[in-house]
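Novice: Residue numbers (the numbering used here): 309 to 662.
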């Protein structure tokens, strides 16, 4: 079995929703559930050893994303989610972090701040959780709260989700569409990139517009990272990466993590969980061809969207590994894709010795 360190999941969102229903999210994660994709028993069964766990602020019901139905050509153009209030966002982000620390105290996982922390968790058999902020609505434009979140364990962030905020502009969930949909970083967003460089917080460029990607590339002293994005040439949704972006990621010794959500894998961009492993292998092959074997990893988006039936949940993680093995990837390359490439870029972004 190849242990997997995964680049993106939304398990904290699911656990937050569990608590809002009056149920126990800590028990749900540690003892297991039939809900969503990740809990500790299913992670262990599937060799999912850890990952970047998102602090994602859902829109209030009045501003939630309503996904557009495909037209007769299979095309859809889902409007961006509405911007959200900072105070609301800060409160929910704090609740996510509260759940994360309660999980650690209960023995459900280890919150990791360094590469050595991840190494130790993998050796000890603990789920290695790195706190990631997906969309920075919880931060003020002067970044006074960034140090607070950093001290709470935040080691990775994406300036935007697929909605606009004070730091930049997100891309919609639309097909077919270029990622060049809106302006890039704002002045506050540029200051956020500089602050992440200074604090050694990994910058994730998934969900941002193409202009925002290039704005960040000019400012960042880190490898370029897109934790859960695929190849636009194969699946032309706005969330996927153009060849030019992939070339820049390769030049920076950066990384792309394969997103398992079917709309980002299929040539037709549709929600269809009968998506075969061949679509996932096709994207891995293409990304390896563009970025190189050292720049491709996994970024499942577990608990964030519909994934192929062949995986189903974290317990099925090794099914993808086996599909890659059958496609000709050897164990050394699989180790890179499954975990080593993530450990390399995290250490680089955190300015640690390799």
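Just so it is clear, CB atoms sit at the ideal spot from N, CA and C, and this is done for glycine as well. If you're wondering where the values come from, they're calculated on a predicted model, not measured in any experiment.
1) Compute the Euclidean distance between the alpha carbons of residue 394 and residue 417, then round it to the nearest angstrom.
2) Can you name the start and end residues of the alpha helix (DSSP H) that residue 520 belongs to?
3) Can you list, in chain order, the residues of its chain whose CB lies under 6 Å from that of residue 497, leaving out five sequence neighbours each side?
4) For residue 413, count neighbouring C-beta atoms within 10 Å of its own C-beta (all shown protein chains included) and say buried if the count is 16 or more, exposed if not.
5) By how many angstroms is the C-alpha of residue 326 removed from the C-alpha of residue 332?
6) Excluding the 5 residues preceding and the 5 following residue 494 in the sequence, name in chain order all residues of the same chain whose CB lies nearer than 7 Å to its CB.
7) In its own chain, which residues sit with a C-beta less than 8 Å from the C-beta of residue 624, not counting the 5 before and 5 after it?
8) Can you tell me the Cβ-Cβ gap for residue 745 and residue 657, rounded? I've got them flagged as a contact below 8 Å.
9) In the DSSP assignment, the beta strand (DSSP E) including residue 563 goes from what residue to what residue?
10) Return the first residue and the last residue of the beta strand (DSSP E) that residue 606 is part of.
11) Just checking my contact of residue 663 with residue 565 at CB under 8 Å: how many whole Å lie between their CB atoms?
12) Rounded to whole angstroms, what's the CA-CA distance from residue 488 to residue 527? Just pull it up for me.
13) Between which two residues does the beta strand (DSSP E) holding residue 317 run?
14) For residue 549, report the span of its alpha helix (DSSP H) as first-last.
15) When you compare only the Cα positions, how much space is there between residue 431 and residue 484?
Specialist: Reading from the atomic positions:
1) Position 86 of the chain shown holds residue 394. Position 109 of the chain shown holds residue 417. Rounded to the nearest angstrom, the two C-alpha atoms are 29 Å apart.
2) As a working mapping, residue 520 is identified with position 212 in the chain shown. Its alpha helix (DSSP H) spans residues 518–527.
3) Working through the chain shown from its first residue, we reach residue 497 at position 189. 467, 475, 476, listed in sequence order.
4) The residue you call residue 413 lines up with position 105 of the chain shown. So residue 413 counts as exposed.
5) Counting from one through the chain shown, the residue named residue 332 turns up at place 24. Counting from one through the chain shown, the residue named residue 326 turns up at place 18. Near 7 Å, if we compare the C-alpha coordinates of residue 326 and residue 332.
6) Residue 494 sits at position 186 when you count from the first residue of the chain shown. Once the five neighbours on either side are set aside, the close Cβ partners of residue 494 are 474, 475, 476.
7) Locating residue 624 in the chain shown gives position 316, counting from the first residue. Closer than 8 Å at the Cβ level, and outside the excluded window around residue 624, lie 354, 618.
8) Nothing about residue 745 can be read from this structure; the chain reaches only from 309 to 662.
9) Walking along the chain shown from the start, residue 563 turns up at place 255. 563–566 is the span of the beta strand (DSSP E), which, as asked, contains residue 563.
10) Within the chain shown, numbered from 1, the residue matching residue 606 stands at position 298. Segment 604–606, the beta strand (DSSP E) holding residue 606.
11) Residue 663 cannot be examined here, being either before or after the span of the chain that is shown, 309 to 662.
12) Here residue 488 corresponds to residue number 180 of the chain shown, with the count starting at 1. Here residue 527 corresponds to residue number 219 of the chain shown, with the count starting at 1. The straight-line gap from Cα to Cα measures roughly 19 Å.
13) What you label residue 317 is simply residue 9 of the chain shown in a count that begins at 1. Where residue 317 is concerned, the enclosing beta strand (DSSP E) stretches over 312–317.
14) Taking the first residue of the chain shown as 1, we reach residue 549 at position 241. No alpha helix (DSSP H) holds residue 549; DSSP gives it neither H nor E.
15) Here residue 431 refers to the residue found at position 123 of the chain shown. Here residue 484 refers to the residue found at position 176 of the chain shown. Cα-Cα distance, rounded: 43 Å.
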